[in-house]
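Written below as structure tokens is the structure these notes are about.
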Amino acid sequence: MATICFLPVMAAVQVFCLARMLPAIVGIFWIIFTSPTVLLPGPIGHLIHSFLPGSNYLNMLVPALSTELVVDMLLLMGVWQHSRTCLVPWLVINILVILGLSATVLYHLVPIFLPASDTEDTSQLEIALDEVHRFLMIILFNMVLVLQMVNVSGAVKVFVDLGLQEKCSSIKTVDKTPAPKSHQSPKSEYV
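Here it is, written out as structure tokens:
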């Protein structure tokens, strides 16, 4: 039997799903009750503000976290009711998350392999701190990427196992009564 973190795959997928739902619920309530109109910080926030002016936590993160809750609930319903169709939205969204995390790791790796040719007036300490920050971000994104890949591979295993259960349950048992002998003619009711 396949396991993830010393649990059977189906149980591990459910535990991961519940563990992802809890921070999403806490995040939604935190955003709604504390600071819903605060602008998004950081380079991703600046990129989002250039495409969508006026974007804030309420109209960017709450829909993303709500989508996470919906697809996690669909995954749990699919596992509990043995329905493969409920697992498909979760698989699609999380494969997209894997692709996004991979692109983010590559984005942070490019300056390491292709250093900038222009040298600005920055001190060695700032350059070293930037490199340390970049390496820590790469390590963090790689850890999240590995966990996400393990989680998706477990969900794919559950998806395949549910398909095998459906095939096995659709096979009908054969009636084991003996066949009539061929040399006897069947008796007619009308004779």
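For the sequence shown, the working numbering assigns the number 200 to the last residue and increments by one with no breaks.
In this text, a Cβ means the ideal position worked out from N, Cα and C, and glycines have one as well.
Here the structure is a predicted model, which means the values were calculated and not measured.
Legend entry - Chain-order list of residues whose beta-carbon lies under 8 Å from that of L100 (same chain, five-residue window excluded): V161, A164, V165 and F168
Legend entry - Cβ-Cβ distance between V71 and P98 below 7 Å: no
Inset, instruction - Less than 8 Å between the CB atoms is what I'm expecting for Q23 and V88, so what's the real figure, rounded? - result: 6 Å
Inset, instruction - Might you give, ordered along the chain, the residues of its own chain that have their beta carbon closer than 6 Å to the beta carbon of I102, omitting 5 neighbours on each side? - result: V80
Inset, instruction - Starting from S64, follow the alpha helix (DSSP H) in both directions and report where the run begins and ends. - result: Run containing S64: none; DSSP gives neither H nor E here.
Legend entry - Neighbourhood of G36 by C-beta, 6 Å cutoff - its chain only, sequence neighbours within 5 removed: L74
Legend entry - Per DSSP, cross-strand counterpart(s) of I13: According to DSSP, I13 shares a beta bridge with L16.
Inset, instruction - Indicate whether the contact test is met: 3 or more Cβ pairs, each with one atom in the stretch 137-147 and one in the stretch 62-69, closer than 8 Å. - result: Counting C-beta pairs closer than 8 Å gives fewer than three between the stretch 137-147 and the stretch 62-69, which falls short of the contact rule.
Inset, instruction - Starting from P98, trace the alpha helix (DSSP H) both ways and give me its first and last residue. - result: V97 to F122
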